[in-house]
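Residue numbers in the sequence shown follow the working numbering, run continuously in steps of one, and reach 313 at the last position.
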Amino acid sequence: MKIQEIPTTKIKPDPDQPRKSFEPTRIKEMAKSILTEGVINAIEVDEGYVIITGEMRWRSAKEAGLKMIPCKVMKISKDRRLLRQMIENVHHNTMSPMDTARGLDRLLTPGLSKRAGDLGHSDLGKKIGKSVMYISDHLALLEESKTIQEKLSSRKSKYTIIREINRRSPEKYKKPLKNKYIEGQFDKAGREGAQAVAQAIKQRPKYADKLIKKNYTKMRATEVRDYLHKNIPGYTETPFSQELAKALDRPKQLGVAVGHLVDWLRSNTPGDVGKHNMSRVLTNLTIAKKEIDKWLTSN
Numbered sequence: 015m016k017i018q019e020i021p022t023t024k025i026k027p028d029p030d031q032p033r034k035s036f037e038p039t040r041i042k043e044m045a046k047s048i049l050t051e052g053v054i055n056a057i058e059v060d061e062g063y064v065i066i067t068g069e070m071r072w073r074s075a076k077e078a079g080l081k082m083i084p085c086k087v088m089k090i091s092k093d094r095r096l097l098r099q100m101i102e103n104v105h106h107n108t109m110s111p112m113d114t115a116r117g118l119d120r121l122l123t124p125g126l127s128k129r130a131g132d133l134g135h136s137d138l139g140k141k142i143g144k145s146v147m148y149i150s151d152h153l154a155l156l157e158e159s160k161t162i163q164e165k166l167s168s169r170k171s172k173y174t175i176i177r178e179i180n181r182r183s184p185e186k187y188k189k190p191l192k193n194k195y196i197e198g199q200f201d202k203a204g205r206e207g208a209q210a211v212a213q214a215i216k217q218r219p220k221y222a223d224k225l226i227k228k229n230y231t232k233m234r235a236t237e238v239r240d241y242l243h244k245n246i247p248g249y250t251e252t253p254f255s256q257e258l259a260k261a262l263d264r265p266k267q268l269g270v271a272v273g274h275l276v277d278w279l280r281s282n283t284p285g286d287v288g289k290h291n292m293s294r295v296l297t298n299l300t301i302a303k304k305e306i307d308k309w310l311t312s313n
């Protein structure tokens with residue numbers, strides 16, 4: 015495929031592309047680089063000069079005052095365009111969590127296309143080079159409140175905080191913890207801090223009100239964990255995954271670990287986790303079974 019120099023004024027952005035926001039500071043930074051080194055990677059456009067991938071480079075080239083920009087001109091279908099756009103943005107981490115969620119949802123929507131729209135989570139993961147967990151975690155964001163989705167519309171927002179609250183907190187306390195996320199109380203502590211608080215509430219529910227009233231705004235993850243150890247009797251950071259790891263060295267403990275899992279399944283409903291997240295449970299069990307089979311047949 016030949017690379018052509020095309021006037022920047024003839025090129026048009028794609029209004030349907032999944033990435034909706036472009037940070038002015040990043041455009042200016044890239045423009046400085048372009049003035050020094052030029053456009054290193056050509057952008058992709060269709061036969062009507064509508065951008066397929068590379069809108070950031072095009073915007074930066076215009077900011078730098080370039081009259082021409084190197085382009086690959088491609089003939090492409092609607093579904094392949096979206097898939098290609100998602101692959102580039104996901105691997106360059108240029109989209110907000112909500113842009114990513116909506117883009118993945120479009121690829122999975124039945125009837126959008128035969129090639130991309132009907133893909134299952136596993137097939138889509140292979141196409142874009144991401145895990146089923148990554149896809150499920152993002153799709154789950156579509157079920158969140160409008161306020162949370164607005165906060166997640168920033169590229170710098172940490173969607174994993176919401177994931178940990180949903181995964182570890184009892185249903186009764188999910189909303190109060192998410193309100194703390196909206197207020198920015200976990201911005202400094204991040205995923206690990208939110209995970210620790212949610213886990214502490216689940217382990218020691220009689221201290222839940224105390225943990226909800228606590229303000230975590232100025233605390234790092236290590237400070238959150240230190241606070242929990244000092245103020246919540248019986249709090250422990252040992253998750254089920256660590257118990258399973260020990261069980262690989264002590265086979266007799268495996269039955270105990272599996273028993274814990276069965277008890278958990280019996281005391282929780284799919285609604286406690288979220289319909290998108292339930293597929294992650296099945297994936298982890300499949301991986302665990304393969305590892306156990308491998309372990310049993312090893313010398």
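Just so it is clear, CB atoms sit at the ideal spot from N, CA and C, and this is done for glycine as well.
Subject >> Residue ranges of each beta strand (DSSP E) within the segment 79 to 156, 3 or longer >> reply: List check, beta strand (DSSP E) in window: 82 to 88.
Original post:
Excluding the five sequence neighbours on either side, which residues of its own chain have a C-beta within less than 7 Å of the C-beta of isoleucine 246, listed in chain order?
Top reply: Closer than 7 Å at Cβ, skipping near neighbours: Ala214, Arg218 and Tyr221.
Original post:
Are isoleucine 65 and aspartate 113 close, meaning C-beta to C-beta below 9 Å?
Top reply: At the C-beta level, isoleucine 65 and aspartate 113 stay beyond 9 Å of one another.
Original post:
Exposed or buried, lysine 92, counting other C-beta atoms within 10 Å across all chains shown (16 or more means buried)?
Top reply: Lysine 92 sits exposed, since fewer than 16 C-beta atoms from the chains shown fall within 10 Å of its C-beta.
Subject >> Exposure label - glutamate 51; buried when at least 16 CB within 10 Å >> reply: Looking at its Cβ environment, which holds fewer than 16 other Cβ atoms inside 10 Å, glutamate 51 is exposed.
**OP:** Count the C-beta pairs between the segment 165 to 175 and the segment 102 to 116 that are closer than 8 Å, then say yes if the count reaches three, no if not.
**Re:** A contact exists between the segment 165 to 175 and the segment 102 to 116.
Subject >> Whole runs of the alpha helix (DSSP H) within the segment 194 to 262, excluding any shorter than 4 residues >> reply: Every alpha helix (DSSP H) stretch that sits fully inside the segment 194 to 262 and reaches 4 residues is listed by chain position as 204 to 217, 222 to 227 and 235 to 245.
Original post:
Whose CA, out of Tyr173, Lys144, Glu197 and Val146, lies closest to the CA of leucine 156?
Top reply: Comparing Cα-Cα distances from leucine 156 to each of Tyr173, Lys144, Glu197 and Val146, the minimum goes to Tyr173.
Subject >> Residues of its chain near isoleucine 345, where Cβ-Cβ distance is below 8 Å and the 5 sequence neighbours each way are ignored >> reply: This structure does not reach residue 345, given that the chain is present from 15 up to 313, and the question cannot be answered.
**OP:** With distances taken Cα to Cα, identify the nearest neighbour of arginine 40 among Glu69, Pro32 and Lys16.
**Re:** Considering only alpha carbons, the answer is Glu69.
Subject >> Contact set for methionine 233: own chain, Cβ-Cβ below 6 Å, skip 5 residues either direction >> reply: So the qualifying residues of the chain are Ala203.
Subject >> Close beta carbons around phenylalanine 200, own chain, < 7 Å, minus the five adjacent residues each side >> reply: Hits under 7 Å: Ile175, Lys194, Gly207, Ala208 and Tyr230.
Original post:
What is the rounded straight-line gap between the Cα of aspartate 12 and the Cα of glutamate 61?
Top reply: In the structure as shown, the chain starts at 15 and stops at 313, and residue 12 therefore has no counterpart that could be examined.
Original post:
If we ignore side chains and look at the alpha-carbon of each, how far apart do lysine 76 and isoleucine 25 end up?
Top reply: The alpha-carbon atoms of lysine 76 and isoleucine 25 are separated by roughly 11 Å.
Original post:
Should proline 32 go down as buried or exposed, given a rule of 16 or more other Cβ atoms within 10 Å for buried?
Top reply: It is buried - the Cβ of proline 32 has at least 16 other Cβ atoms within 10 Å.
Subject >> Element boundaries [beta strand (DSSP E), containing glutamine 18] >> reply: Glutamine 18 -> beta strand (DSSP E) spans 17 to 21.
Original post:
Which first and last residues belong to the beta strand (DSSP E) in which methionine 51 is found?
Top reply: Residue 51 is actually glutamate in this sequence, not methionine. Taken as a continuous stretch (DSSP letters only), glutamate 51 belongs to no beta strand (DSSP E), being part of the alpha helix (DSSP H) at 38 to 51.
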